[in-house]
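In UniProt numbering, the protein residues as written are 1 to 276.
Quick reminder that beta carbons are idealized off the backbone N, C-alpha and C, glycines included.
Report on the structure given below.
What follows is the structure, encoded as structure tokens:
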């Protein structure tokens, strides 16, 4: 989930380019809102979408911003252990706060892989999952554009470190995303969680920070397609984005299948307010 300057990864960072809004995504969002008007509580759905947008925007702003700060303070030198810890802690704290902010409204996913894993486990509808993922990706772009404006710095992107091959990075991203979504299920979704749910936000933040420390020097430590998407769009370099879309969805989906179907079993699913 952390991002570093381009000097630390094989993927180059380019200057910001202008990009048009993705028409299919906007059309699908409009269709989803129309369905909400017809079939559900429109106001409640709109509040959930807006809450997810705002919380994810602030999380990405803090996470990417911390990576920009590290690059600026070290003159874009290679990431050192202190910088790695700083960015991991920034992401962990920002996620903890973001999930807490949105948990009672949207569920506080802030992550397309978490959304996908919860949809696979039957805890949210497919339509809700699609709209959440659109909102998460759009706000990631907006957040990176804001950072570009206020800092005048290049937006660092996730990238596979030199010396890592494709298979190694794929396995790494699948494993760390599985760990994240499994933690979400164990601490926030499982109906048997009892008082454990009160520390769900802390546990989720901790696993993200730990995974960044373990994976960032190798695969980039994304765990979050939306988190990687904004910097990629702003920089216009899509050469490695497939790793940070496919692998987190695979890891999140596996966690949803295993915990949702095996450990939760026939449980009908927690309400939106009960899980981040």
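- For residue 240, no alpha helix (DSSP H) encloses it, and the DSSP letter there is neither H nor E.
- Distance from the Cα of residue 42 is smallest, within the candidate group 128, 107 and 74, for 128.
- Taking the Cα positions, residue 217 is about 10 Å away from residue 80.
- Secondary structure of residue 75 (DSSP, three-state): coil.
- Cβ-Cβ distances below 8 Å link residue 141 to 19, 229, 230, 233 and 234 in the same chain, with the five nearest sequence neighbours on each side left out; the list follows chain order.
- If you look at residue 263, you'll find it isn't in any alpha helix (DSSP H); DSSP assigns it neither H nor E.
- The closest CA to that of residue 46, considering only 78, 106 and 89, is found on 106.
- When the five nearest sequence neighbours on each side are left out, the beta carbons in the same chain lying within less than 7 Å of the beta carbon of residue 52 are those of 102, 106, 109, 132, 135 and 136, in order along the chain.
- In this structure, residue 205 places its C-beta atom within 8 Å of the C-beta atom of residue 96.
- Proximity of the segment 109-127 to the segment 236-254 meets the contact definition, three or more beta-carbon pairs being nearer than 8 Å.
- Inter-residue distance for residue 71 and residue 190 is about 40 Å (C-alpha atoms, whole angstroms).
- Taking residue 93 as the centre and dropping the five residues before and after it, the same chain places the C-beta of 205 closer than 7 Å to its C-beta, in chain order.
- Judged by DSSP in its simplified three-state form, residue 211 adopts helix.
- Contact between the segment 82-90 and the segment 159-174 is not established, with fewer than three Cβ pairs separated by less than 8 Å.
- No Cβ-Cβ contact shorter than 8 Å links residue 186 with residue 197.
- When secondary structure is reduced to three states using DSSP, residue 218 falls in the coil class, being assigned neither helix nor strand.
- Closest in alpha carbon position to residue 248, among 226, 260 and 262, is 226.
- In the three-state reduction of the DSSP assignment, residue 54 falls in the helix class.
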